[in-house]
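What follows is a short report on a single structure.
In this note's numbering, the protein residues as written are 12 to 144.
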């Protein structure tokens with residue numbers, strides 16, 4: 012197995028575990044302190060705000076590559092194995108949702124109609140005669 016494949020599988024597992032932690036944070040069988048930790052880790056993982064700013068060279072990936080996986084592993088250890096397996100299955104099921112090509116076509120069609128209208132309105136606005144004083 013190549014390093015690239017291993018990294019891709021690791022990234023998928025991290026993504027699945029983040030969703031599983033989100034599910035755990037909403038489950039009544041999980042203690043409140045684990046819910047709080049799971050919610051905090053899931054929120055941080057999904058948040059666009061980083062603990063270490065991205066403009067700092069080399070250190071910018073420290074939170075994504077080291078801090079976040081350690082936090083995820085720590086919270087996973089606080090959840091009983093049978094529950095975590097259930098949450099991972101649910102996360103996997105949510106990731107494998109069917110894709111609606113009809114909905115995608117409708118959305119693309121709406122964007123095309125909107126863009127066409129804006130182009131037409133811009134052309135009408137540019138071509139309008141200027142009033143003579």
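Even glycine gets a Cβ: it sits at the ideal position worked out from N, Cα and C. These numbers come from a predicted model, not from an experiment.
Would you say the beta carbon of residue i is closer than 7 Å to some non-hydrogen atom of the ligand NAD?
i, result
"residue 100", "With respect to the ligand NAD, the structure shown offers nothing to examine, as it has no ligands at all."
Tell me which same chain residues have a C-beta within less than 7 Å of the C-beta of residue i, skipping the five on either side of it?
i, result
"residue 34", "98, 101, 102"
"residue 40", "94"
"residue 63", "70, 71, 73, 74"
Helix, strand or coil: which one does DSSP assign to residue i?
i, result
"residue 92", "helix"
"residue 58", "coil"
"residue 37", "coil"
"residue 107", "coil"
"residue 67", "coil"
"residue 23", "helix"
"residue 125", "helix"
"residue 143", "coil"
"residue 80", "helix"
Between which residues of its own chain and residue i is the CB-CB distance below 8 Å, once the five residues before and five after are set aside?
i, result
"residue 26", "106"
"residue 83", "25, 28, 29, 32, 52, 56"
"residue 45", "35, 86, 89, 90"
"residue 122", "none"
"residue 130", "none"
"residue 21", "none"
Which same chain residues end up closer than 6 Å to residue i when comparing Cβ atoms and leaving out the 5 residues on each side of it in sequence?
i, result
"residue 29", "53, 56"
"residue 127", "none"
Inter-stretch contact at 8 Å, needing at least 3 Cβ pairs: the segment 36-49 / the segment 70-77: no
Cβ pair count under 8 Å reaching 3, the segment 111-118 against the segment 53-65: no
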